[in-house]
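Start counting the sequence shown at 4; every next residue gets the next number (the numbering used here). What follows is a single structure, written as structure tokens, with notes after it.
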Amino acid sequence: MADTRAHILAGTRGPVAVREWQRHAPRYCALLVHGYGEHSGRYEGVAAVLTGHGAAVFAPDHAGHGKSAGERVLIEDFEDVVTDVHTVAELARSVHPGVPLVMVGHSMGGLVAARFAQRYGAELAALVLSGPVIGDWPLPRRLLALDEIPDTPISPGALSRDPAVGAAYAADPLVWHGPMKRPTVEAFAATLETVSQGGDIGGLPLLWLHGDDDRLVPLAGSRSGVAGLRGERLTEHIYPGARHEVFHETNKAEVLADLVRFLDGVFEE
4 MADTRAHILA GTRGPVAVRE WQRHAPRYCA LLVHGYGEHS GRYEGVAAVL
54 TGHGAAVFAP DHAGHGKSAG ERVLIEDFED VVTDVHTVAE LARSVHPGVP
104 LVMVGHSMGG LVAARFAQRY GAELAALVLS GPVIGDWPLP RRLLALDEIP
154 DTPISPGALS RDPAVGAAYA ADPLVWHGPM KRPTVEAFAA TLETVSQGGD
204 IGGLPLLWLH GDDDRLVPLA GSRSGVAGLR GERLTEHIYP GARHEVFHET
254 NKAEVLADLV RFLDGVFEE
């Protein structure tokens, strides 16, 4: 495994913790953007594959997540999270000037990454979205219609067919296991609309990865979002039977091979 280094950056809502998996003279930098309620440390496996492929990898804990500051899972404006991720991109460029940057966003991180591409797409060489919260995601509508948001945390079994993934998630003290908070749900609804109205990403290469048994972020809703976001260069892989976290699925070797093959195609052009 690559050597790691910790950074603390000034974020929009307080200090942001960043993991760096180091690589000498990297071919590219990869910025991993994690999902709701989790943290960057859950992406060790993805980082290992990417560093082995020649990347230096950077991954923040979003505000209110992991080791970063802020009330747990409270996000009042996802534009602030996008700005924080841009600060991490600036860190990557300062460590490795002139090296191309790839962004990989999962779930809520896919929403952040999609919005990043709309705001800063010229700074990216490629965009990868895994189970992205874009398009028609019905959960915010359902929750905001209730007087009180129920305390129903994410089911670990919805993440992967591998029971060890759910068990590790349930035992992880840096994962949020409580209810969603109304301002965060409102921010989700607002940013889904912002992204849907924000235009496509033009010539930026886009890889979309999704499990067809994803019960947290259903495939059909994300497909509508990808249709609006995509430019001229979409590659998609839909995995039969896979659940929400395709990078942690029982066929993760296939998923990661598809990721590496896509990146090879980007950098060999």
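Cβ atoms here follow ideal geometry from the backbone N, Cα and C, with glycine treated the same way.
Give, in chain order, every unbroken run of the alpha helix (DSSP H) that is at least 4 residues long and sits entirely within the stretch 157 to 188. 166 to 174
Counterpart residues of Gly17 in DSSP-defined beta bridges: Gly14
By DSSP's criteria, Gly282 is part of a beta bridge. Which residues make up the other side? In the structure displayed, the chain extends from 4 to 272; residue 282 sits before or after that span and is not available.
Need the endpoints of the alpha helix (DSSP H) that Leu127 sits in, please. Where Leu127 is concerned, there is no enclosing alpha helix (DSSP H), given that its DSSP letter is neither H nor E.
Rounded to a whole number of angstroms, what is the C-alpha to C-alpha distance between Gly214 and Asp150? 32 Å
Taking the alpha-carbon positions, what's the Leu237 to Leu209 distance? 5 Å
With the cut-off set at 8 Å, would you say Thr54 and Ala117 are in Cβ contact? no
Tell me, please, which residues DSSP counts as bridged to Phe61. Note: Phe61 sits in a beta bridge opposite Glu23 and Leu34.
Using only CA atoms, which one of Val19, Glu257, Gly169 and Arg218 lies nearest to Ala3? Residue 3 is absent from the model: the chain starts at 4 and stops at 272.
Option nearest Gly38 by Cα separation, candidates Tyr31, Gly134, Phe61 and Ser97: Gly134
CB of Ala58 to nearest heavy atom of the ligand ATP: below 7 Å? With respect to the ligand ATP, the structure shown offers nothing to examine, as it has no ligands at all.
Let me know the secondary structure DSSP gives His109 once reduced to three states. strand
For Arg8, tell me which candidate among Pro63, Thr90, Gly14 and Val52 has the shortest Cα-Cα distance. Pro63
Would you mind sorting Glu196 into buried or exposed? The rule is 16 or more other CB atoms within 10 Å of its CB. exposed
Going straight from the alpha carbon of Ser199 to that of Gly228, what length do you get? Each residue's Cα considered, the two are about 7 Å apart.
Starting from the Cα of Ala161, find the closest Cα among Pro221, Leu104 and Asp261 and give me that residue. Pro221
What does DSSP give as the partner residues of Arg8 in its beta bridges? DSSP, once it has assigned bridges, lists Glu23 as partnering Arg8.
Look at the Cβ atom of Ser163, then the Cβ atom of His109, and state whether they are nearer than 8 Å. no
List the DSSP bridge partners of Leu237. Leu209
For Leu146, list the residues DSSP reports as bridge partners. The partner list for Leu146 (beta bridge, DSSP) is empty, contrary to what the question assumes.
What's the gap between the Cα of Gly169 and the Cα of Val88? CA-to-CA, the gap between Gly169 and Val88 works out to about 27 Å.
Distance between beta carbons of Leu212 and Val249, contact taken as under 8 Å: 5 Å
Could you tell me whether the Cβ atoms of Ser225 and Gly138 are closer together than 8 Å? yes
Output the distance between the C-alpha atoms of Val136 and Asp175, rounded to the nearest integer angstrom. 23 Å
Straight-line gap, Val115 to Val21 (C-alpha atoms, nearest Å): Going from the Cα of Val115 to the Cα of Val21 covers about 16 Å.
Taking 6 Å as the limit between beta carbons, can you name the residues of its chain near Pro156, skipping five residues before and five after? Here the set comprises His180.
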